[in-house]
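The block underneath contains the structure these notes are about, expressed in structure tokens.
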Amino acid sequence: MCALWKEWDMRQWLSARQFFVMIYTLSKEKSAEQLHAFVLQIIVHNLSVFGNDDGTVLYDNTEKELCSAFDKFMLIPCLNYLALSKWITQQKEFVCFSKMLQNINFKADKLRTIDEKIFEEVVTFDLCLRTTEFHPNIFIESYLVTLLQCYPRHTDLTVQLLLNNTNKGIENQGLTRILQLMWTKGEEDKKNEKTILTSNILQLLLEDKKKRVYWIELLANSSMISNDKPFSKLLQDSLKNWLDGTEEKKDASENVSFHSKVIELMSSDTFTKAKSFHQYLIESVNERYQELWLNNKKWTSEEIKEVKWELWQRILDQINNIPEIEVLAEENVETASKKLCSSLAYCFECQSWFKQKNPMQSPCSSFQSSVDTVDQKGQSFPIHVYEDLMQKWKDIEDIFSYCSMGSKPSLQNLEKIVNECRQFFELLRMFERIRSDYLFEHDLSDRLKELGQQNESLRKQRFLKVKEDYKDELQLLKSYEQKMNIILERSQSVMFNEIWEKYNKQYESTRDQTPLFIFNKVFDNVNRTWEDFKQVHSTAFFILGIIENKHILPSIQLVNVYRAFKINHPVIEI
53 MCALWKEWDM RQWLSARQFF VMIYTLSKEK SAEQLHAFVL QIIVHNLSVF GNDDGTVLYD
113 NTEKELCSAF DKFMLIPCLN YLALSKWITQ QKEFVCFSKM LQNINFKADK LRTIDEKIFE
173 EVVTFDLCLR TTEFHPNIFI ESYLVTLLQC YPRHTDLTVQ LLLNNTNKGI ENQGLTRILQ
233 LMWTKGEEDK KNEKTILTSN ILQLLLEDKK KRVYWIELLA NSSMISNDKP FSKLLQDSLK
293 NWLDGTEEKK DASENVSFHS KVIELMSSDT FTKAKSFHQY LIESVNERYQ ELWLNNKKWT
353 SEEIKEVKWE LWQRILDQIN NIPEIEVLAE ENVETASKKL CSSLAYCFEC QSWFKQKNPM
413 QSPCSSFQSS VDTVDQKGQS FPIHVYEDLM QKWKDIEDIF SYCSMGSKPS LQNLEKIVNE
473 CRQFFELLRM FERIRSDYLF EHDLSDRLKE LGQQNESLRK QRFLKVKEDY KDELQLLKSY
533 EQKMNIILER SQSVMFNEIW EKYNKQYEST RDQTPLFIFN KVFDNVNRTW EDFKQVHSTA
593 FFILGIIENK HILPSIQLVN VYRAFKINHP VIEI
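Printed below as a string of structure tokens:
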């Protein structure tokens, strides 16, 4: 680098673009205060070429070329970088250079195009120079306003650059300064231009959550920028349109649901300060309150956790749609049953509210406890209600795990009833499976047949009443539960089913007043035969294994063993 500077031809002058590249390169290595004296002299020498107000650049002492408005704009970060050197700021060339940059007219160059890559380098370079201890000689934002009014297609890039490179330790810079400059100048002829530009900026800020953080800051600090009514109206429209969804583009990558928008604002400490805009949020919530209900199936635990609930009681009132519980009584069994099922479904839809600490956790828990204790006398709901409870029991337990300890007894009582109901259905299902293949209809009482049908009329009856009405039949089935289980375990065996069929035919014409008399007789006979068969079967395979291992009488077949079994059990035909 030093060799390069020594070979510098002092008769040559750098163009604005070349000068920017040189200063930009130097800034990456050293601050202006650390530059070598020889380098500083060359820089000051080159500054002299910009000594005129029009920014004339002299080439080889003969050719002259005017700097364009964008050329001057490009030199702003160069000025701010060099201003870090106290020695340079004392040179008359620097003073003239600074004066020249006060006069930038983009309208004169409106037909020129701007290289976006260079534009990005210029803005980024200038913003990165800023520290809390140093304020720029010239704020580049002052000229970004007029640049964007002339070149609006660069608004998106400008907004992104300002958001990404703004030093938060410095007040009134970046987009804030741009908006201040636009709305503090009383230029009526440019009112339409600044309205359009401001509207475009606000729309860009709404594109994603990261940008909306700054947008919310604008809402909170709007009076610091301007008290102009048109500016306030733009912010109001921006908020209302975003809440309504009219600001979102159809092809936007992030279309936010209404409840998430409300959460985003309610979770922001900054938005709590934007008091003049709260009314628009409340109005929108009042209109679309159903989208905020506890059971809208959109709430997530993370969202509930984020909200500063203590600040938003009015919105909380709209979110709270907990239904009222209908106490079960003799005259309202059907309606109370339907209400219980819908209330349970409501609790499952609101599970996230049970799991996070929030103002609605306690009301939700109380509601859940009320649901579980609505049957104060116990077992008074119809059977189909308890079927529903059985299917959703894991969810019920999960919800209760987040409730207060005081609600545990109600869960235990409900669990006891549900378990009784579960045993009831298991017994009936077992009976139905046995009935179709192993029982005679004339071996069943009429009451057993009714119980086994489980028709809709029975399912609508109270569980307690069904248990009482069919007490004898249920006790009978319970007494045969073990035998029915054994049959179901052996039902896949072809041999067992053949043995059952043979014995069953022997009792087909038998009639007895005692229900399940034939079933009991057949089972006892079949069970003895089956046990004998298993013994012979295992012995035969043992003998056959010995024979095959010793290669003795390979023609002996297992069927001969079965024939021997038949001699002792003539009822079985093989």
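Numbering (this note's numbering), first residue to last: 53 to 626. From the three backbone atoms N, C-alpha and C, an ideal C-beta is built for every residue, glycine too.
Measuring only the C-alpha atoms, how far is residue i from residue j?
| i | j | result |
| --- | --- | --- |
| Thr236 | Glu145 | 33 Å |
| Pro468 | Ile371 | In the sequence as presented, Pro is not what sits at residue 468; that position holds Lys. Their Cα atoms are separated by approximately 34 Å. |
| Gln609 | Val588 | Per-residue confidence for Gln609 stands at a pLDDT of 48, beneath the threshold of 50, marking its modelled position as unreliable; the derived number appears in the next sentence. Roughly 14 Å between the two C-alpha positions. |
| Ser394 | Glu520 | 28 Å |
| Lys169 | Asp208 | 14 Å |
| Phe571 | Leu491 | 6 Å |
| Leu500 | Arg487 | 11 Å |
| Leu258 | Gly297 | 11 Å |
| Glu472 | Ile377 | 24 Å |
| Leu463 | Lys444 | 13 Å |
| Thr324 | Gln331 | 12 Å |
| Gln413 | Phe476 | 35 Å |
| Lys246 | Phe452 | 57 Å |
| Leu199 | Leu254 | 18 Å |
| Lys243 | Lys281 | 12 Å |
| Lys124 | Ser194 | 13 Å |
| Ala326 | Phe400 | 36 Å |
| Gln420 | Ile448 | 9 Å |
| Ser251 | Ile94 | 45 Å |
| Val470 | Ser531 | 22 Å |
| Glu355 | Ser120 | 52 Å |
Between which residues of its own chain and residue i is the CB-CB distance below 7 Å, once the five residues before and five after are set aside?
| i | result |
| --- | --- |
| Asn217 | Thr176, Leu179 and Cys180 |
| Val518 | Ile435 and Leu510 |
| Leu66 | Met74 and Asn98 |
| Pro411 | Trp361 and Leu368 |
| Tyr454 | Phe406 and Lys407 |
| Leu196 | Thr210 and Ile230 |
| Leu528 | Pro567 and Leu568 |
Are the beta-carbon atoms belonging to residue i and residue j less than 8 Å from one another?
| i | j | result |
| --- | --- | --- |
| Phe569 | Asp495 | yes |
| Ser328 | Leu295 | no |
| Thr322 | Ile268 | yes |
| Phe122 | Asp161 | yes |
| Cys202 | Phe158 | yes |
| His311 | Leu344 | yes |
| Tyr341 | Pro375 | no |
| Arg229 | Phe186 | no |
| Leu503 | Leu480 | yes |
| Ser274 | Leu287 | yes |
| Leu346 | Asn373 | yes |
| Ser309 | Lys350 | yes |
Can you check DSSP and say which residues form a bridge with residue i?
| i | result |
| --- | --- |
| Arg514 | Pro434 |
Can you list, in chain order, the residues of its chain with a C-beta nearer than 8 Å to that of residue i? Leave out the 5 residues immediately preceding and following it.
| i | result |
| --- | --- |
| Met126 | Ala68, Arg69, Phe72, Ile170 and Val174 |
| Arg474 | Met442 |
| Asn338 | Gln370 |
| Val359 | Ile315, Met318, Ser319 and Asn410 |
Leaving out the 5 sequence neighbours to the left and right, which residues in its chain are closer than 6 Å to residue i when beta-carbon positions are compared?
| i | result |
| --- | --- |
| Leu227 | Leu214 |
| Lys263 | Leu257 |
| Leu134 | Ala84 and Ile140 |
| Asp440 | Cys393 |
| Met482 | Met536 |
| Lys82 | none |
| Phe149 | Leu99 and Phe102 |
| Phe283 | Trp235 |
| Asn577 | Tyr555 |
| Ser79 | Tyr133 |
For residue i, decide whether its Cβ has a neighbour in chain C, counting only Cβ atoms nearer than 8 Å.
| i | result |
| --- | --- |
| Glu502 | Absent here is chain C; the protein component of the structure consists of one chain. |
What runs of the alpha helix (DSSP H), each 4 residues or longer, lie entirely inside the stretch 155-240?
Runs found: 168-180, 193-202, 207-217 and 226-236.
For a minimum of 4 consecutive residues, which ranges assigned as the alpha helix (DSSP H) are wholly contained in the stretch 374-420?
Listed in chain order, the complete alpha helix (DSSP H) runs (minimum 4 residues) inside the stretch 374-420 are 385-401 and 403-407.
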